[in-house]
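Heads up: the structure comes next, in structure tokens.
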Amino acid sequence: MTPILNAQTPDSESAKGLTVRTRDESRPPVDVVKKSWMSIWKPSLVITFNPEASLVKTAVLPVQLLFQQSVLLAVYIYGTSLAAQIILIFAFPSFLTAPPYNFSSSGVGLMEIAAIIGFLFSCFTGRFLADVITAAVICREKGNVYPEQRLFAMLLFSFIALAGCILVAFACSQKLHWAAIAVGFGMVSFGTIYVPNIAITYVVECYPNVLGECLVSINVFKNLVAFVFLFTAVDWVALSGWLQVYMIMFMLLTLGVIGSMLLYFVKRR
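When the letters of the sequence shown are read in order and numbered with full-length UniProt numbering, they come out as residues 1 to 269.
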């Protein structure tokens with residue numbers, strides 16, 4: 001997460017590290033918190049101990065948080081987005097080494113370059129650009145701030161991963177050129193970071209006081225969701241075919257986006 005940017009005309013100068021109130025006649029005031037990079041990371045290097053914390057409550061709380069709608073949505077979105085990529089990674093060796101591709105083991109590994117490109121692109125859009133979109137939504141709603149505004153940024157670029165599922169479904173089922181498969185793989189990999197990043201940011205803003213427990217809950221249960229697909233990936237593709245598998249993944253990812261939009265519009269009202 002990064003501070004909201006593009007503020008204009010400060011009301012007054014303040015010392016480093018203090019909140020600066022900005023003003024623009026065309027939009028409501030926005031607070032910009034000036035923090036150095038090292039000031040953000042220094043607290044994470046210090047190990048602290050809370051003598052009042054209960055081990056039992058700390059262990060049970062991540063399970064309890066799973067039943068909160070924001071955490072449950074993040075688990076579903078993260079798990080299905082990760083599964084869409086995992087299926088490709090585990091099915092590629094047997095698929096690409098066979099005719100008509102006849103890839104070597106090194107060639108199969110080089111397909112990961114497409115995933116890296118998707119990751120790099122999503123690192124920019126999922127952080128800076130998502131903040132810009134959220135800031136625009138806040139200004140459009142006259143300065144009214146609530147966590148669900150983060151979910152609006154998901155809608156604008158989630159179509160990349162959805163289109164990637166469709167491209168992979170047809171490229172692999174019809175055995176199109178390997179470049180088409182690589183492009184689809186990169187698009188699916190983009191969604192593996194972009195969509196879950198926004199979902200986790202949404203959870204962070206919903207429950208800042210139990211942030212650690214929320215992240216534990218999300219990571220544990222999204223891995224369980226992804227493991228189900230991982231365990232059956234190769235056999236599922238061999239039995240049902242690429243077209244059916246990735247159209248199902250398209251449907252599952254679409255449900256996550258629809259759920260996010262429903263939360264946004266319900267909260268907005």
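Backbone N, C-alpha and C define an ideal beta-carbon position, used for all residues, glycine too.
Cut-off 7 Å between Cβ atoms - residues of its own chain near residue i, not counting five sequence neighbours on either side
i	result
Phe-121	Phe-190
Leu-82	Thr-192, Lys-222 and Ala-226
Met-154	Val-195, Ile-198, Val-257 and Ser-260
Cys-165	Ala-84, Val-188, Tyr-246, Met-249, Phe-250 and Leu-253
Gly-126	Ile-193, Tyr-194, Asn-197 and Ile-198
Pairwise C-alpha distance: residue j and residue i
i	j	result
Val-137	Ala-161	23 Å
Val-71	Pro-99	44 Å
Leu-61	Pro-93	40 Å
Asn-102	Lys-57	54 Å
Gln-68	Gly-109	39 Å
Leu-247	Lys-175	Looking at the sequence shown, residue 247 is not Leu but Met. One C-alpha to the other measures close to 16 Å.
Phe-128	Ala-135	11 Å
Phe-250	Ala-163	8 Å
Gly-143	Arg-268	13 Å
Val-266	Gln-149	11 Å
Leu-255	Ser-105	35 Å
Thr-201	Ala-169	30 Å
residue 331	Gly-107	The shown model of the chain, from 1 to 269, leaves out residue 331, and the question about it has no answer.
Leu-211	Ile-116	29 Å
Arg-140	Leu-262	19 Å
Same chain, Cβ closer than 6 Å to residue i, neighbours up to 5 away in sequence not counted
i	result
Leu-252	Thr-80
Glu-205	Pro-147
Val-237	Ala-91 and Val-245
Distance CB(residue i)-CB(residue j) smaller than 7 Å
i	j	result
Val-188	Ala-53	no
Cys-214	Val-203	yes
Ser-158	Val-183	no
Ile-198	Ala-130	yes
Ala-91	Gly-186	no
Ser-173	Leu-243	yes
Tyr-78	Phe-152	no
Close Cβ partners of residue i (< 8 Å) along its chain, the five nearest in sequence each way excluded
i	result
Leu-66	Leu-72, Val-75, Ser-217 and Phe-221
Val-63	Ser-217
Leu-156	Ile-133
Ala-180	Leu-167 and Ala-171
Val-228	Ala-83
Cys-123	Ile-193
CB contact check: residue i to chain C, cutoff 7 Å
i	result
Ala-153	No chain C appears in this structure, which consists of one protein chain only.
- beta strand (DSSP E) runs contained entirely in the stretch 120-194, provided each spans 3 or more residues: Whole beta strand (DSSP E) segments, 3+ residues: zero.
- Message: Going residue by residue through the stretch 189-241, where are the continuous alpha helix (DSSP H) segments of at least 4 residues, counting only ones entirely within it?
- Response: 211-240
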